[in-house]
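Engineer: Residue numbers (my numbering): 134 to 611. For every residue, glycine included, the Cβ atom is placed at its ideal position computed from N, Cα and C. Pasting a structure below so you can have a look.
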Ligand code: 5AD
Ligand code: SF4
């Protein structure tokens, strides 16, 4: 069950940490994040904006003046979870009517005023491009007005904002490199909630990574809905915008970040099979500190389904990209996203997803049942006609297959020495620490004299489908 939870997705984690930066902070902000890594990263931008305006973050909701919940709309169950949480906050407000409750992110953008006016669940609604306006919106709530800003922008990247890091670890950070998505996959609500694609100034990205390194961070994950279409100073049609400025594509950006320090690991997410170039793969192969790990969502193994999904590639194209990865970067781990029971999916089409999994042997996968989302192309064009029990049955088959591949992938590491970046104490045992390999596998090993942020060698002795187990070897500080 636990594996199923892990494999089924990233949604629902809650992040709330004490941060008392900003000496003038007199009020308290409690912030909770759901959904993708981008939301967690956005919450750090929000914390920074609020910090500048006199709010320190707290992990105790009961002492908060403002409660913000950063939300996800990708599947219906993600929204249900947030609604339950908002109902809990509404009850808290009965004891503390002064407390301001606001909704941020994709659900705010999708539902706009309705959470405020019809359902009366929140005092404030701010979409993903409206976070600079939060201090004003909070003031508006104070004067009894309806505080809503869901304007989407063509150029907001929050490039100049230095995020307040909300994670406890201090080793690994998310760095947003672009916002929005222009792809219009037919099942996906993101283009409607996060707007048009725009890339962030590479100088600000590199500066942020340098600053993180100087503060002791040893890993950055560059984030975008489709990082392969990162382009600075280039229009969508490929023309140069400003002749006086350099152009930068994603492969070039990766190298710029990798050059911050050989001791800084560089990861990125998410790649798109239709846009992932060999240049990116060559950049990975020739820079030791760009991790050998690619998250390349396939969604389905059948070309007709991919067409209905408007993914812009075929089964054969995807398999060719996988071949290119293995050819250019030997020993690269690959993970994916798979949706079961998309509109019109036949048994044959589903079997082709299973057969593609057999060919690729993914090291890890996030697997979901199709959930129809309002306004998307699929909702308008196709019928959500695969019965719930068939969606579930197919998902179980997909998950069962993936578990065998995840276990097999981990077993191939037994006996090998892996370079591990130590992240901290293991969650399950205070006698152990944990960290990750470049291939993004979690490794647990007995505690030595190691510290967070050390790179150590670990000999892998055993594994589960989710974790490698080993002992540290040949390290200076043993
Ligand atoms: N239903 C199910 N899964 C979805 N995803 C996106 N939209 C939907 C949907 N409507 C999945 C895709 C995507 C991942 C982030 O979420 O697999 O890659
Ligand atoms: Fe959604 Fe497709 Fe954009 Fe990913 S690439 S955010 S699945 S529209």
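Is any heavy atom of the ligand 5AD found at a distance shorter than 8 Å from the C-beta of residue 291?
Structural biologist: Taking the first residue of the chain shown as 1, we reach residue 291 at position 158. Result no, Cβ not under 8 Å from the ligand 5AD.
Engineer: Buried or exposed: which applies to residue 434, given that a residue is buried once 16 or more other Cβ atoms fall within 10 Å of its Cβ?
Structural biologist: Your numbering for residue 434 matches position 301 in the chain shown. It counts as buried.
Engineer: Could you give the DSSP three-state label for residue 486: helix, strand or coil?
Structural biologist: The residue you call residue 486 lines up with position 353 of the chain shown. The answer is helix: DSSP assigns residue 486 an H, G or I state.
Engineer: What residue from 176, 233 and 597 has the CA that sits closest to residue 253's CA?
Structural biologist: As a first step, residue 253 must be located in the chain shown, where it is residue number 120. Nearest option by C-alpha distance: 233.
Engineer: What does the alpha-carbon distance come out to for the pair residue 576 and residue 559?
Structural biologist: Numbered from 1 along the chain shown, position 443 holds the residue referred to as residue 576. Numbered from 1 along the chain shown, position 426 holds the residue referred to as residue 559. Cα-Cα distance, rounded: 9 Å.
Engineer: The beta strand (DSSP E) spanning residue 560 covers which residue range?
Structural biologist: Translated into the one-based positions of the chain shown, residue 560 becomes position 427. No beta strand (DSSP E) holds residue 560; DSSP gives it neither H nor E.
Engineer: Is the separation between the beta-carbon of residue 420 and that of residue 387 shorter than 9 Å?
Structural biologist: Counting from 1 along the chain shown, the entry for residue 420 is found at position 287. Counting from 1 along the chain shown, the entry for residue 387 is found at position 254. Yes; because the gap between Cβ atoms is below 9 Å, this pair is in contact.
Engineer: Who pairs with residue 356 in a beta bridge, going by DSSP?
Structural biologist: If you number the chain shown from 1, residue 356 lands on position 223. Looking at the DSSP assignment, residue 356 forms a beta bridge with 309 and 402.
Engineer: Do residue 189 and residue 158 have their CB atoms nearer than 9 Å?
Structural biologist: As a working mapping, residue 189 is identified with position 56 in the chain shown. As a working mapping, residue 158 is identified with position 25 in the chain shown. Yes, the pair counts as a contact, with Cβ atoms nearer than the cut-off.
Engineer: In whole angstroms, give me the CA-to-CA distance for residue 598 and residue 546.
Structural biologist: In the chain shown, residue 598 corresponds to position 465, counting from 1. In the chain shown, residue 546 corresponds to position 413, counting from 1. About 12 Å.
Engineer: What are the residues that DSSP puts in a beta bridge with residue 390?
Structural biologist: Residue 390 sits at position 257 when you count from the first residue of the chain shown. According to DSSP, residue 390 bridges with nothing at all.
Engineer: Suppose only complete runs of 3+ residues qualify. What are the beta strand (DSSP E) ranges in the stretch 314–368, listed by chain order?
Structural biologist: Segments of the beta strand (DSSP E) lying fully in the stretch 314–368: 352–356.
Engineer: Applying the criterion that 16 or more other CB atoms from any shown protein chain within 10 Å of the CB defines a buried residue, is residue 313 buried or exposed?
Structural biologist: Along the chain shown, one-based indexing puts residue 313 at 180. Label assigned to residue 313: buried.
Engineer: Measuring alpha carbon to alpha carbon, tell me which of 416, 482, 604 and 259 ends up nearest residue 280.
Structural biologist: Within the chain shown, residue 280 is the residue found at index 147, counting from 1. Taking only the C-alpha atoms, the option nearest residue 280 is 259.
Engineer: Confirm the yes/no value for this check: CB of residue 318, any heavy atom of the ligand SF4, distance under 8 Å.
Structural biologist: As a working mapping, residue 318 is identified with position 185 in the chain shown. For the ligand SF4, at least one heavy atom lies less than 8 Å from the Cβ of residue 318.
Engineer: For residue 240, count neighbouring C-beta atoms within 10 Å of its own C-beta (all shown protein chains included) and say buried if the count is 16 or more, exposed if not.
Structural biologist: Counted from its first residue, the chain shown places residue 240 at position 107. Buried: at least 16 other Cβ atoms inside 10 Å.
Engineer: Going along the chain, which residues of its own chain have a beta-carbon closer than 6 Å to the beta-carbon of residue 326, five neighbours each way excluded?
Structural biologist: For the purposes of this step, residue 326 is taken as the residue at position 193 of the chain shown. Excluding sequence neighbours, residue 326 sits near 206, 239, 242 and 243.
Engineer: What did DSSP end up calling residue 436 once you bin it into helix, strand or coil?
Structural biologist: In the chain shown, residue 436 corresponds to position 303, counting from 1. Three-state DSSP puts residue 436 in a helix.
Engineer: Can you list every residue whose CB sits closer than 6 Å to some heavy atom of the ligand 5AD, going in chain order?
Structural biologist: Answer in sequence order: 207, 208, 320, 321, 430, 432, 470, 472, 501, 503, 504 and 506.
Engineer: Would the stretch 522–536 and the stretch 578–585 be scored as touching if the rule is three or more Cβ pairs under 8 Å?
Structural biologist: No: fewer than three Cβ pairs fall under 8 Å.
Engineer: Which residue comes first and which comes last in the beta strand (DSSP E) that contains residue 268?
Structural biologist: Start at 1 with the first residue of the chain shown, and residue 268 comes out as number 135. Where residue 268 is concerned, there is no enclosing beta strand (DSSP E), although the alpha helix (DSSP H) it sits in stretches over 267–275.
Engineer: Of the residues 364, 438 and 306, which one's Cα is nearest the Cα of residue 586?
Structural biologist: Start at 1 with the first residue of the chain shown, and residue 586 comes out as number 453. Of 364, 438 and 306, the residue nearest in Cα terms is 306.
Engineer: So residue 429 and residue 409 are in contact, right, with Cβ under 8 Å, and what is the actual spacing, rounded?
Structural biologist: In the chain shown, counting from the first residue as 1, residue 429 sits at position 296. In the chain shown, counting from the first residue as 1, residue 409 sits at position 276. Sure, about 7 Å apart at Cβ, within 8 Å.
Engineer: Short check: CB of residue 319 to CB of residue 511, under 9 Å?
Structural biologist: As a working note, residue 319 is residue 186 in the chain shown. As a working note, residue 511 is residue 378 in the chain shown. In this structure, residue 511 lies closer than 9 Å to residue 319 by Cβ.
Engineer: Should residue 524 be labelled buried (16 or more other beta-carbon atoms within 10 Å of its own) or exposed?
Structural biologist: As a position in the chain shown, residue 524 is number 391, starting the count at 1. Under this definition residue 524 is a buried residue.
Engineer: DSSP on residue 567, reduced to helix/strand/coil?
Structural biologist: On the chain shown, residue 567 is found 434 positions in, with the first residue counted as 1. In this structure, residue 567 counts as strand in the three-state DSSP scheme.
Engineer: Would you check whether the ligand SF4 has a heavy atom nearer than 8 Å to the C-beta of residue 594?
Structural biologist: Your numbering for residue 594 matches position 461 in the chain shown. Residue 594: no, Cβ never under 8 Å from the ligand SF4.
Engineer: Taking the straight line between their C-alpha atoms, what separation do you get for residue 263 and residue 341?
Structural biologist: On the chain shown, residue 263 is found 130 positions in, with the first residue counted as 1. On the chain shown, residue 341 is found 208 positions in, with the first residue counted as 1. Whole-angstrom Cα-Cα distance: 22 Å.
Engineer: From what residue to what residue does the alpha helix (DSSP H) around residue 455 run?
Structural biologist: Taking the chain shown and counting its residues from 1, the one referred to as residue 455 is at position 322. Element bounds for residue 455: 448–461.
Engineer: Determine the DSSP secondary structure at residue 239, reduced to helix, strand or coil.
Structural biologist: The count along the chain shown starts at 1 and reaches residue 239 at position 106. In this structure, residue 239 counts as helix in the three-state DSSP scheme.
Engineer: Please state if the CB of residue 308 and the CB of residue 174 are separated by a distance shorter than 9 Å.
Structural biologist: By one-based count along the chain shown, residue 174 stands at place 41. By one-based count along the chain shown, residue 308 stands at place 175. For residue 174 and residue 308, yes; Cβs fall inside 9 Å.
Engineer: Any heavy atom of the ligand SF4 closer than 8 Å to the Cβ of residue 314?
Structural biologist: The residue you call residue 314 lines up with position 181 of the chain shown. Yes, the ligand SF4 has a heavy atom inside 8 Å of this Cβ.
Engineer: To the nearest angstrom, report how far apart residue 446 and residue 502 are at their CA atoms.
Structural biologist: Position 313 of the chain shown, counted from the start, is the residue given in the question as residue 446. Position 369 of the chain shown, counted from the start, is the residue given in the question as residue 502. Rounded to the nearest angstrom, the two C-alpha atoms are 21 Å apart.
Engineer: Which class does residue 505 belong to by DSSP, given the choice of helix, strand or coil?
Structural biologist: The sequence position of residue 505 within the chain shown is 372, counting from 1. The answer is coil: DSSP assigns residue 505 none of H, G, I, E or B.
Engineer: My output table needs one value for residue 286: the three-state DSSP class, helix, strand or coil.
Structural biologist: In the chain shown, residue 286 corresponds to position 153, counting from 1. The answer is coil: DSSP assigns residue 286 none of H, G, I, E or B.
Engineer: Contact defined as beta carbons within less than 8 Å: I believe residue 612 pairs with residue 487. What is the distance between those atoms, to the nearest angstrom?
Structural biologist: Summary: the structure shown does not reach residue 612, with the chain confined to residues 134 through 611, and so no result is reported for it.
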